[in-house]
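Engineer: Residue numbers (full-length UniProt numbering): 1 to 250.
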Amino acid sequence: MPLDRIALVTGANKGVGKQVASELVANGLTVIVGSRDLTRGREAAADIGGGATALQLDVTDARSIATAAAWIRERFGRLDVLVNNAGISHTQADFTMDDYAAMSRASTASIEGVRAIWDVNVFGTLAVYQAMLPLLRESSDARIVNVSSGLGSLTETSDPNYPYRSTFGPGYPASKTALNAMALAMSIELEGTPIKVNVVSPAFTATALNDFQGTESVEDGSREVVRVALLGADGPTGTFTLWNGEVIPW
């Protein structure tokens, strides 16, 4: 791969996104830190250091996405790596995991809340893909990594013995199932091209998504995202893997 690789990480001002951006910079890439709030994006880019540049990007705002794509084209002329990391798990300001479980069932989930989650996790990811694909096609060997969750696995959730089966609901978990479907559609569209599309679950990582109650560190959760983003020409496409490299069934 060329050494002057250009990467965009959405939702990169904190959590897994920021860690992935930092590690990609450490691997010699120029990383665009996508952030809905530009001030926070600039703070994250400053923390990461040389090689990181902040860019305002709200994945739910078509104008913001188009402006970001135009900026990348003018500045770099192409995109080599797209990490679709931006995501939300809820719309409440304060909550406990017990609260989250109670308000996330099919019978109790707010329709407005579900729409808001899907707008970011599903439609936002698809919108960014569509806007950035022309730039990715300018690369000789682009990579797309969609940050998902093992909770989105229908195969796992269908198993009565799956330990997280009871947490599946129409909000965050189902949005990740839909995200996986979008990623599969991307990989099918790009079959026969040098662009690889893969899905990674960072596992139950301690971030704002779960009120920092996760059991894995952001360093562990980011490891597989970075590995897949840096896949060589002989690497796979259309895979769904966990933070430790384990394959997750769809």
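Idealized CB from N, CA, C, for every residue including glycine.
If S110 sits next to I248, beta carbons under 8 Å apart, how far is it from one beta carbon to the other, in whole angstroms?
Structural biologist: As a first step, residue 110 is located in the sequence shown; it is residue number 110 there, counting from the start. As a first step, residue 248 is located in the sequence shown; it is residue number 248 there, counting from the start. Incorrect: roughly 28 Å between the Cβ atoms, too far for contact.
Engineer: Determine the contact status of A83 and A229, defining contact as a CB-CB distance below 7 Å.
Structural biologist: Start at 1 with the first residue of the sequence shown, and residue 83 comes out as number 83. Start at 1 with the first residue of the sequence shown, and residue 229 comes out as number 229. Rather than Ala, the amino acid found at residue 83 in this sequence is Val. A contact, by the Cβ cut-off of 7 Å.
Engineer: Below 7 Å between beta carbons: does that hold for V25 and N85?
Structural biologist: Here residue 25 corresponds to residue number 25 of the sequence shown, with the count starting at 1. Here residue 85 corresponds to residue number 85 of the sequence shown, with the count starting at 1. Not in contact: V25 and N85 (Cβ atoms no closer than 7 Å).
Engineer: Using CA atoms only, rank isn't needed, just tell me which of P236, I195, E74, E224 is closest to R143.
Structural biologist: Along the sequence shown, read from residue 1 onward, the residue named residue 143 stands at position 143. Nearest of P236, I195, E74, E224 to R143, Cα basis: I195.
Engineer: Cutting at 6 Å between CB atoms, please list the residues of its own chain near G17, excluding the five before and the five after it.
Structural biologist: Translated into positions along the sequence shown, residue 17 becomes position 17. Result list for G17: V9, G11, N85, in chain order.
Engineer: Who are the near neighbours of L179 in its chain, counting only those whose CB is closer than 7 Å to its CB and skipping five residues on each side?
Structural biologist: Numbered from 1 along the sequence shown, position 179 holds the residue referred to as residue 179. The residues are N121, V122, T125, N146, S148, G152.
Engineer: May I have the straight-line CA-CA distance separating R137 from E191, to the nearest angstrom?
Structural biologist: Along the sequence shown, read from residue 1 onward, the residue named residue 137 stands at position 137. Along the sequence shown, read from residue 1 onward, the residue named residue 191 stands at position 191. Taking the straight line from one Cα to the other gives about 13 Å.
Engineer: What is the DSSP secondary structure of L79, counted as helix, strand or coil?
Structural biologist: Position 79 of the sequence shown, counted from the first residue, corresponds to residue 79. Note: L79 maps to coil in three-state DSSP.
Engineer: Indicate whether D220 and W243 have their beta-carbon atoms separated by less than 7 Å.
Structural biologist: Working through the sequence shown from its first residue, we reach residue 220 at position 220. Working through the sequence shown from its first residue, we reach residue 243 at position 243. Yes.
Engineer: I need the straight-line Cα distance from A54 to N13, nearest angstrom please.
Structural biologist: Residue mapping note: residue 54 aligns to position 54 of the sequence shown, counting from 1. Residue mapping note: residue 13 aligns to position 13 of the sequence shown, counting from 1. Going by the C-alpha atoms only, they are around 9 Å apart.
Engineer: Three-state secondary structure (DSSP) at N198?
Structural biologist: Counted from its first residue, the sequence shown places residue 198 at position 198. N198: strand per DSSP, three-state reduction.
Engineer: Where do the ends of the alpha helix (DSSP H) carrying S110 lie?
Structural biologist: Along the sequence shown, read from residue 1 onward, the residue named residue 110 stands at position 110. It is not in any alpha helix (DSSP H) - S110 carries neither H nor E in the DSSP assignment.
Engineer: For the beta strand (DSSP E) that V225 lies in, which residues bound it at each end?
Structural biologist: Position 225 of the sequence shown, counting from 1, holds the residue named residue 225. Premise fails: V225 lies in the alpha helix (DSSP H), 218-229, not in any beta strand (DSSP E).
Engineer: Quick check: the Cα distance between T67 and A131, rounded to an integer number of angstroms?
Structural biologist: Working through the sequence shown from its first residue, we reach residue 67 at position 67. Working through the sequence shown from its first residue, we reach residue 131 at position 131. Rounded to the nearest angstrom, the two C-alpha atoms are 10 Å apart.
Engineer: From T167 to T108, what distance separates their C-alpha atoms?
Structural biologist: Along the sequence shown, read from residue 1 onward, the residue named residue 167 stands at position 167. Along the sequence shown, read from residue 1 onward, the residue named residue 108 stands at position 108. Spanning the two alpha carbons is a distance of roughly 13 Å.
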